[in-house]
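Input: a single structure, listed below in structure tokens.
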Amino acid sequence: MELAAKLDRLRGLLADLPSALVAFSGGVDSSFLLRVAHDVLGERCLALTTVSPTMPSEDLAAAKELAVRLGVAHLLIDANELAIPGYAENPANRCYFCKDHLFTICVTEAGRRGLAVVLDGANLDDLGDHRPGLQAAAERGV
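The numbering used here numbers the first residue of the sequence shown as 1 and each following residue consecutively.
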């Protein structure tokens, strides 16, 4: 499928949504998704970034700046990842614990704000890798 066709398909899927909260790390995948979701949904789109000691301050600053440039409402929530049971021990599946916590926060905030869905940026290549976070997303309905 051509790139333009993929983008059109994404826009069509987003257009069918009443509203969305985007789990926004400031990375390439979530930034792209946020841009397209905001283009399609406008004010019915909210970005949420979890803040923790494990997030470099320059990454947080870049995420904040991008949200401002895009004109997207941006919610920052303290994630306190190091307090998550299982995360601080740094096991091979630590991303599961982190993402499960992130998506729990996102789903809770989306519900509080009356937003229909939570979106997470990922790409097809992620499906072939060991990505425990994808399991957490599926379990939380993201």
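Glycine included, C-beta positions come from ideal geometry on N, C-alpha and C.
- Taking L7 as the centre and dropping the five residues before and after it, the same chain places the C-beta of V36 closer than 8 angstroms to its C-beta, in chain order.
- With 16 or more neighbouring CB atoms inside 10 Å of its own CB, T50 falls in the buried class.
- L17 is not a Cβ neighbour of F24, given a cutoff of 7 angstroms.
- Where V118 is concerned, the enclosing beta strand (DSSP E) starts and stops at V117 to D120.
- Exclusion of the five residues before and after L115 leaves S19, A20, L21 and L46 as the residues of its chain whose Cβ lies within less than 7 angstroms of its Cβ.
- Counting only runs of 4 or more residues that sit fully inside the segment 11-87, the alpha helix (DSSP H) segments are 28-41 and 57-70, in chain order.
- With a contact defined as Cβ atoms closer than 8 angstroms, V142 and F103 qualify at about 5 angstroms.
- Exposed is the label assigned to E89, since fewer than 16 other Cβ atoms lie within 10 Å of its Cβ.
- E43 and A79 have their C-alpha atoms some 25 angstroms from each other.
- The DSSP-derived three-state label of E89 is coil.
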